[in-house]
Amino acid sequence: MRSGRRGDGAELVGLREYRRGDDLRRLDHRASARASRARDDDVLLVREFYAEEAARVVVVLDRRPSMRLFPASLPWLHKPEAVRRIVELLAASAFEARAPLGCLAGREWWPPARRPRTEDWHGDDGSAPALAELARTPRLGKGTFVFVVSDFLDPPTDEDWRRLLARGWDPVPVVVQDPWWEQSFPAVGGVPLPVAETDGSRSRLVRVSQREARALRESHEARYRTTLGRLRSLTLEPICIGRSDAASVHLAFQRWSAARGGRLR
5 MRSGRRGDGA ELVGLREYRR GDDLRRLDHR ASARASRARD DDVLLVREFY
55 AEEAARVVVV LDRRPSMRLF PASLPWLHKP EAVRRIVELL AASAFEARAP
105 LGCLAGREWW PPARRPRTED WHGDDGSAPA LAELARTPRL GKGTFVFVVS
155 DFLDPPTDED WRRLLARGWD PVPVVVQDPW WEQSFPAVGG VPLPVAETDG
205 SRSRLVRVSQ REARALRESH EARYRTTLGR LRSLTLEPIC IGRSDAASVH
255 LAFQRWSAAR GGRLR
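Residue numbers for the sequence shown follow the working numbering, beginning at 5 and rising by one.
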């Protein structure tokens, strides 16, 4: 991450005159020759760079019941596994970048090395309490990455995001949604579907008509487009996770990092 200070980074600030003790490898010989001719005197110019500093990283977890979907035995997105992969990847990346890392769920801070306890993911109010807690944390400096991991079916308000941006932080929405049932809806008209309560306590068969399935598909696709459009309108760059395997999660983050110039690897 680029600092406002001068140092040993890779991003060029500009040129200045040589000072005793400067690294001679930073001499710009062509610029020095031009300046010497212009002044009719010997001038040595060196390249000056910004310092590189490790960014702080905070991972905010949404623990509402919908984040427990879907059972691992089914061929759809298993969100608890996806969350585990995301936390592991961010922890490894932060460690490599020597960036301090913290995880926040609700109002509870916990070590990133501890696996998220999916059995506790009920009765939670989503990411809003965590973002409110985060806003009361004065010790985080500007440039802090805040990864908000959620399905965004009950998203934070625009004001929540603006509060983070106003502090000079870098919020990143990580949208964890199943491509079949949440980003869209399959053509299952007339087929009995087992539907369970979010806590798994009760299930029953529900028959959806073709018209209802089509309406749900249109509604879910519109909701997904609206979610991403709303985030981008706030200058946020969402990372979309639709599969829980490590390769898919890594690819989504690699694309995000490449689009940002690799600020966090």
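We put the CB at the ideal spot given by N, CA and C, even for glycine.
{"query": "Does DSSP classify P84 as helix, strand or coil?", "result": "helix"}
{"query": "How far does the beta strand (DSSP E) with L78 in it extend, from its first residue to its last?", "result": "Per DSSP, L78 belongs to no beta strand (DSSP E) and is neither H nor E."}
{"query": "How long is the line joining the alpha carbons of L28 and R102, rounded to whole angstroms?", "result": "29 Å"}
{"query": "Near S154, what residues of its chain come up, given a Cβ to Cβ distance below 6 Å and the 5 sequence neighbours on each side ignored?", "result": "D66 and S131"}
{"query": "I'd like the span of the alpha helix (DSSP H) that includes F257, first residue to last.", "result": "A250 to A263"}
{"query": "Could you tell me if R20 is buried or exposed, where buried requires 16 or more neighbouring beta carbons within 10 angstroms of its beta carbon?", "result": "exposed"}
{"query": "With distances taken Cα to Cα, identify the nearest neighbour of L78 among P198, F53, T148 and R143.", "result": "P198"}
{"query": "How is L169 classed by DSSP in three states: helix, strand or coil?", "result": "helix"}
{"query": "Using the beta-carbon count (16 or more within 10 Å), is L138 buried or exposed?", "result": "buried"}
{"query": "What number of angstroms, rounded off, separates the C-alpha of R6 from the C-alpha of R171?", "result": "For R6, the predicted model reports a pLDDT of 45, less than 50, meaning its position is unreliable and no value from the coordinates is stated."}
{"query": "Once DSSP output is grouped into helix, strand and coil, what is the label at F99?", "result": "helix"}
{"query": "Mind reading off the beta-carbon distance from F189 to R221? Whole number of angstroms is fine, and I expect it under 8 Å.", "result": "4 Å"}
{"query": "Out of A136, F99 and L94, state which residue places its alpha-carbon closest to the alpha-carbon of E112.", "result": "A136"}
{"query": "Consult DSSP for G130 and reduce its assignment to one of helix, strand or coil.", "result": "coil"}
{"query": "Take the Cβ of S213 as the centre, count every other Cβ of all protein chains shown within 10 Å, and call the residue buried at 16 or more, exposed below.", "result": "exposed"}
{"query": "Measuring alpha carbon to alpha carbon, tell me which of L144, L240, G194 and K146 ends up nearest V179.", "result": "L240"}
{"query": "Could you pull out every residue in the same chain whose Cβ sits closer than 6 Å to the Cβ of D124, ignoring the five residues on either side in sequence?", "result": "Here D124 scores only 48 on pLDDT, less than 50, and its place in the model should not be relied on; the value that follows carries that caveat. Nothing listed; no residue qualifies."}
{"query": "Find out if the Cβ-Cβ distance for the pair K83, L73 is shorter than 8 Å.", "result": "yes"}
{"query": "Compare the Cα-Cα distances from R234 to each of A96, V253 and W165 and report the closest residue.", "result": "W165"}
{"query": "In chain order, what residues of the same chain have a beta carbon less than 8 Å from the beta carbon of L48, not counting five sequence neighbours either side?", "result": "E21, Y22, L31 and S36"}
{"query": "Is the beta carbon of A59 sitting closer than 8 Å to the one on G147?", "result": "yes"}
{"query": "Are the beta-carbon atoms belonging to L105 and V61 less than 8 Å from one another?", "result": "yes"}
{"query": "Taking the Cβ atom as the reference point for each residue, do G246 and D158 lie within a distance shorter than 8 Å?", "result": "no"}
{"query": "Looking at the secondary structure, which residues open and close the alpha helix (DSSP H) in which S237 lies?", "result": "Q214 to S237"}
{"query": "Residues in its own chain within less than 7 Å of G18 by CB, not counting five upstream and five downstream?", "result": "E52"}
{"query": "For E100, which residues from the same chain have a beta carbon less than 6 Å from its beta carbon, with the 5 sequence-adjacent residues on both sides left out?", "result": "none"}
{"query": "Where do the ends of the alpha helix (DSSP H) carrying A42 lie?", "result": "H33 to R43"}
{"query": "Just the Cα atoms here: how many angstroms apart are A250 and V64?", "result": "20 Å"}
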